[in-house]
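*Asks:* Pasting a structure below so you can have a look.
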Ligand SMILES: Nc1ncnc2c1ncn2[C@@H]1O[C@H](COP(=O)(O)OP(=O)(O)OP(=O)(O)O)[C@@H](O)[C@H]1O
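In full-length UniProt numbering, the protein residues as written are 1 to 346.
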């Protein structure tokens, strides 16, 4: 690696802890020797061919009838070796739904499809793997969930769908559709018009949670979402973000000079994709921030395993820096942290 700014060799070939071949896709960020690097292109045609042949992109959507089972669906996705490179919970407007499904305009089910797809939040995802388009269609199963139960019983539609319309998920039908659909939900340049699906964040009566990059990379997203739901918390907004050093430092500023792990915490937060969550709860009501903080557990997973073995950090944490999950410490911080992700970083 050559450092363009300093005009000198930065790095010869070495093993880098925490970076794996599957992290090497365009648009991702990785950290090498404390430097955050964004992958913008491949060095040569050979590398491009080697990596892209293994890394096709497709668009996936969890439809409104299945969003309450998101954790289980994400488990299936991660267990089948798809990389979730982008993810966002949004509420589609009728105009957005009609534009997204424009190829079905005029079909008898078009209006009811729009009613259904706008009836609640959906979760949009960009998935990456070998033959992603075909593999995701196979993982979804046939359009009709009843048929899926008889011919593909392990498929997502068999497990989570109801019928021909309420069929839990969507998948692009070709490479070209995948590119169009990914661009529709995750535009490569900043746009802000009526066609851009908006986050579902309520920005009030909430608290903030973050699934840290190491837990994302270990495939824990699904299990953490399931655990949160089992404790009767609602995920009212969710999105994958990649933070740079300035953003990580800004977000964690209250810990600067207070805890010795601060530099490690900053490095961890910028080391790859993280999942930001807005947590609300009708069951826990005004107690939500406090109850959720308890459920996340003590900062050190070793202590958490002793004191609160059911907590998120006890179950998914590795050490005090790689402790799987961040959550707002004080009730007043929750809405500010949620706003940081779902308003400022949008
Ligand atoms: N006959 C039908 N009656 C009601 N709804 C339907 C019917 N056919 C399709 N749909 C709905 O419209 C969506 C798009 O239909 P399409 O034929 O493209 O199916 P698909 O390619 O399997 O699904 P998707 O495009 O959502 O991945 C279906 O997923 C389903 O929700």
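Cβ coordinates follow ideal geometry from the N, Cα and C atoms, glycine included.
#1: Any idea which residues DSSP pairs residue 83 with across the strands?
#2: CB-CB under 7 Å to residue 289, same chain, minus the five flanking residues each way: which ones, in chain order?
#3: What is the C-beta distance between residue 132 and residue 141, in whole angstroms, given that I count them as a contact (C-beta under 8 Å)?
#4: Would the C-beta of residue 143 count as close to ligand 1, meaning under 6 Å from any of its heavy atoms?
#5: Is residue 278 helix, strand or coil when you go by DSSP?
#6: Taking the C-alpha atoms as reference points, what is the distance between residue 295 and residue 74?
#7: Would you list, in sequence order, the uninterrupted beta strand (DSSP E) runs of no fewer than 3 residues that lie entirely inside the region 220-297?
#8: Can you tell me which residues form a DSSP beta bridge with residue 355?
#9: Let me know the secondary structure DSSP gives residue 173 once reduced to three states.
#10: Tell me which residues share the same chain as residue 161 and place their Cβ nearer than 6 Å to its Cβ, disregarding the 5 neighbours each side in the sequence.
#11: Between which two residues does the beta strand (DSSP E) carrying residue 55 extend?
#12: Here's the rule: buried if 16 or more other CB atoms are within 10 angstroms of the residue's CB, otherwise exposed. What is residue 379?
#13: Could you tell me whether the Cβ atoms of residue 302 and residue 237 are closer together than 7 Å?
#14: Taking just the CA atoms, how far does residue 68 sit from residue 59?
#15: By alpha-carbon positions, which one of 220, 41 and 118 ends up nearest to residue 316?
#16: Which residues does DSSP list as the beta-bridge partners of residue 123?
*Replies:* Taking the geometry as given:
#1: For the purposes of this step, residue 83 is taken as residue 83 along the chain shown, with counting starting at 1. Answer is 128, bridged to residue 83.
#2: The residue given as residue 289 occupies position 289 in the chain shown. Counting only Cβ-Cβ distances below 7 Å, and skipping sequence neighbours, we find 207, 328, 331 and 334.
#3: As a first step, residue 132 is located in the chain shown; it is residue number 132 there, counting from the start. As a first step, residue 141 is located in the chain shown; it is residue number 141 there, counting from the start. Not really, about 16 Å apart at Cβ, beyond 8 Å.
#4: Residue numbering aside, residue 143 sits at position 143 when the chain shown is read from its first letter. Checking the Cβ of residue 143 against ligand 1 gives yes.
#5: On the chain shown, position 278 is the one that residue 278 refers to. DSSP places residue 278 in strand when its eight states are reduced to three.
#6: Residue mapping note: residue 295 aligns to position 295 of the chain shown, counting from 1. Residue mapping note: residue 74 aligns to position 74 of the chain shown, counting from 1. Going from the Cα of residue 295 to the Cα of residue 74 covers about 21 Å.
#7: 234-241 and 274-280
#8: This structure cannot settle anything about residue 355, because the visible part of the chain is limited to 1 through 346.
#9: The count along the chain shown starts at 1 and reaches residue 173 at position 173. Correct three-state label for residue 173: coil.
#10: For the purposes of this step, residue 161 is identified with residue 161 of the chain shown, where counting begins at 1. Closer than 6 Å at Cβ, skipping near neighbours: 145, 167 and 168.
#11: Position 55 of the chain shown holds residue 55. Per DSSP, residue 55 belongs to no beta strand (DSSP E) and is neither H nor E.
#12: Limits of the chain in this structure are 1 at one end and 346 at the other, which puts residue 379 out of reach.
#13: What you label residue 302 is simply residue 302 of the chain shown in a count that begins at 1. What you label residue 237 is simply residue 237 of the chain shown in a count that begins at 1. Result no, Cβ atoms of residue 302 and residue 237 do not sit closer than 7 Å.
#14: For the purposes of this step, residue 59 is taken as the residue at position 59 of the chain shown. For the purposes of this step, residue 68 is taken as the residue at position 68 of the chain shown. Going by the C-alpha atoms only, they are around 20 Å apart.
#15: The residue you call residue 316 lines up with position 316 of the chain shown. Looking at the Cα atoms, 220 is the closest of the given residues.
#16: Locating residue 123 in the chain shown gives position 123, where the first residue counts as 1. The partner list for residue 123 (beta bridge, DSSP) reads 62 and 89.
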